[in-house]
Amino acid sequence: MKKGIVWLLVALIIGAGLRLYHFDRNPQGIHPDEALYGYEGLSIRDTGTDYRQTGRPPLYLKGVSTDWDNRTSVLYPYIFSVLFRFLPVTIATLRSVSMLLGLGLIVVVYVVGRELFPERPSIAAVASILTSLSPLAISWSRVGHDPITLPFLAGLTFVSMLKARHHPAWWFLAATAVAIGFYSYQPLKFVGPAMIVLGLWYTWPAVRPHKVWFFSSAILGLVTAWPFLVTQIRHWSAVQGQFQAISIWHFHPLVGWFALNLVAWPISFVFNPSIVLLLVGPLFVFGWLTLWPRDRRRLLLLLWLLAAAVPSFITLWQPGGNEVQSRSLAIIGPLEIGAAWAMVMIAERIRLARQDMATTAWLWPAITAVFLLPQILFAGWLNHRHGSFCCFLLGGMDQAIAVVQRPAYAQRPVVVDFFQYSQGINLLWNTHYPPALFQHENVGWTNQLTGQNLHAQYPSHFGRYKLCALDECYQSTDQALYVVPEGNLNDRQTVFRFRLNWYGVSYQWKVVDNALPAAS
116 MKKGIVWLLV ALIIGAGLRL YHFDRNPQGI HPDEALYGYE GLSIRDTGTD YRQTGRPPLY
176 LKGVSTDWDN RTSVLYPYIF SVLFRFLPVT IATLRSVSML LGLGLIVVVY VVGRELFPER
236 PSIAAVASIL TSLSPLAISW SRVGHDPITL PFLAGLTFVS MLKARHHPAW WFLAATAVAI
296 GFYSYQPLKF VGPAMIVLGL WYTWPAVRPH KVWFFSSAIL GLVTAWPFLV TQIRHWSAVQ
356 GQFQAISIWH FHPLVGWFAL NLVAWPISFV FNPSIVLLLV GPLFVFGWLT LWPRDRRRLL
416 LLLWLLAAAV PSFITLWQPG GNEVQSRSLA IIGPLEIGAA WAMVMIAERI RLARQDMATT
476 AWLWPAITAV FLLPQILFAG WLNHRHGSFC CFLLGGMDQA IAVVQRPAYA QRPVVVDFFQ
536 YSQGINLLWN THYPPALFQH ENVGWTNQLT GQNLHAQYPS HFGRYKLCAL DECYQSTDQA
596 LYVVPEGNLN DRQTVFRFRL NWYGVSYQWK VVDNALPAAS
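Residue numbers (the numbering used here): 116 to 635.
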């Protein structure tokens, strides 16, 4: 047991280093969902409601949709609303929750391994190391976006059910984890209950003597999830709007689309090199086909993996698309445990083949070098490169905002050339625009139809800021500061130049003082 704890600590130290290193500025910029959740948290802290004034605790928020938007996490904004009372309103605070959940995931995987394989504690140790090095886990632990809740809450649910075999009070944690999942990332609507079903199948003989605990915890879970369930039922078609926008349900033939996703799902990880699975996938398959004993754990890991992947199977597949990959994050857990099982079985085969001390001495260093070194090198490269799934999102715009907020420019209107529809929410976050002021002024909105039942809305102008295409809103006589791509307004004075990064592509932009002619 002590040796296992040492390995877990090693995994946490490695994981913390890979998740903490420059996580406030790597990935550079901020993802629109990060900005949305952060600004919602700021708004709830200051005004008691979200920035669109559509919901109060414990209602589901509309987010950027005119409908009830099921992609908008309630969990993250309310967590941020509390954190911002004690911590600075910065991107580091915003990303700290995901970082801590990413570290918690390492612990969860370790405990699942210990509970499933008490006779082989090395499986739990190796699984925790694999999780700490997983590019997929590292990526989603470094952004203030909620997909990392998917593997954490799914794993926590299963851990609690395994623990409940010996201490039935753990059922309360399992029920609470599933209920909280309804308020978080969308696929938890399916994966959370699926974990309950899997856990019941695996632990049922131990559940039967403790039915009172089980049903009591079920009631607790229903009470916790009730506000969400009421909203879901009352606004059923609207709440499904974003799901319909990215799912295969309204495409025909439906079976053909599902089969395509089933085949293409593993390929989707190859298209995005920042989160390629590298090691654990092939080891899982190899272990399943050749090494693992045929017991219930073998089937359990496969069913867990399939349940985790189902939200991706019903998502429109796009090569390299983040939607497919983020919706299958619950594969972090069964994949690592299965790969660790394969590694331990390989080591045991070697040990049985050669029972001498020399083999014992070099066995684990060799296994580590062969299987873990590529993962270690890739994780290091990932952190050096950009540290996240979606690379650079409007990175550099915060520098321009800092310039236009200088005292000399504080009263001047600011026009930002329209670059991307979600730029408005990023601008709200970068300026820390007072939510109470935003809610009581005449705000302009830009609309984008993103699905059958979902209209996304983002602010296009508020306060002294305006987002619009330069050829539509430029006035040669105004006194505005213009934030525009290089090559525009060359007859006006440039006060600041910066690089705007968008999905790995860098553009040269500048801040122009329209009141002054260009220096000769």
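Cβ atoms here follow ideal geometry from the backbone N, Cα and C, with glycine treated the same way.
Nearest to residue i by CA position, among the options, is which residue?
i    : options                   : result
G59  : V222, G217, R210 and V179 : Lying outside 116 to 635, the shown extent of the chain, residue 59 is not represented and no answer is given.
F267 : F232, W285 and V306       : V306
L215 : A424, R134 and H325       : R134
Q535 : L582, A340 and K177       : L582
A455 : P600, P397 and A423       : P397
I363 : L151, L431 and R349       : L431
A422 : G170, R229, D161 and A309 : A309
L420 : L406, T405 and L377       : L377
Keeping to the same chain, check which residues put their C-beta closer than 7 Å to that of residue i; ignore five residues upstream and five downstream.
i    : result
G270 : L220, V223, V224, V227 and G448
Y317 : R411 and L415
F401 : A457
G336 : A290, T291, V293 and A294
I159 : D165, P192, Y193 and S196
N545 : M512, D513 and I516
A630 : Q594
T322 : Here residue 322 turns out to be Val, not Thr, going by the sequence shown. Correct list, in chain order: L315 and F329.
V425 : F305
Given this structure, state the Cα-to-Cα distance separating residue i from residue j, to the nearest angstrom.
i    : j    : result
E155 : T561 : 18 Å
S213 : H260 : 7 Å
L543 : A131 : 30 Å
Y298 : L596 : 41 Å
F373 : V439 : 13 Å
Y524 : F611 : 13 Å
S443 : L418 : 14 Å
A333 : T264 : 21 Å
I540 : A462 : 52 Å
R167 : N557 : 12 Å
L288 : L277 : 11 Å
W255 : L604 : 39 Å
K326 : W285 : 13 Å
L231 : F428 : 27 Å
H576 : H282 : 56 Å
Q572 : Y152 : 15 Å
W380 : G602 : 42 Å
Assign residue i to one of two classes, buried (16 or more other C-beta atoms within 10 Å of its C-beta) or exposed (fewer than that).
i    : result
P368 : exposed
W624 : buried
N616 : buried
F330 : exposed
G510 : buried
I128 : exposed
V627 : buried
D586 : exposed
L450 : buried
T246 : buried
I452 : buried
S591 : exposed
W407 : buried
P320 : exposed
Y622 : exposed
From the DSSP secondary-structure annotation, give me the bridge partner or partners of residue i.
i    : result
G559 : H576
V599 : K625
F611 : V626
T430 : S362
D651 : Given a span of 116 to 635 for the chain in the structure shown, any question on residue 651 remains unanswerable.
To which residues of the same chain is residue i closer than 6 Å at the C-beta, ignoring the five residues directly before and after it?
i    : result
V620 : none
S188 : D261 and S299
W237 : It is worth fixing the name first, because residue 237 is Ser in this sequence and not Trp. The answer, listed in chain order, is V459.
G296 : L268, L303 and G307
F366 : W372
V598 : A515, V531 and V626
A279 : W285 and W286
Quick one: residues in its chain with C-beta nearer than 8 Å to the C-beta of residue i, no 5 flanking neighbours on either side, listed in chain order?
i    : result
T205 : D139
P388 : Here the model assigns P388 a pLDDT of 46, short of 50, so the residue's position is not dependable, and the following value carries that caveat. Within the same chain, P388 has no close Cβ partners at all.
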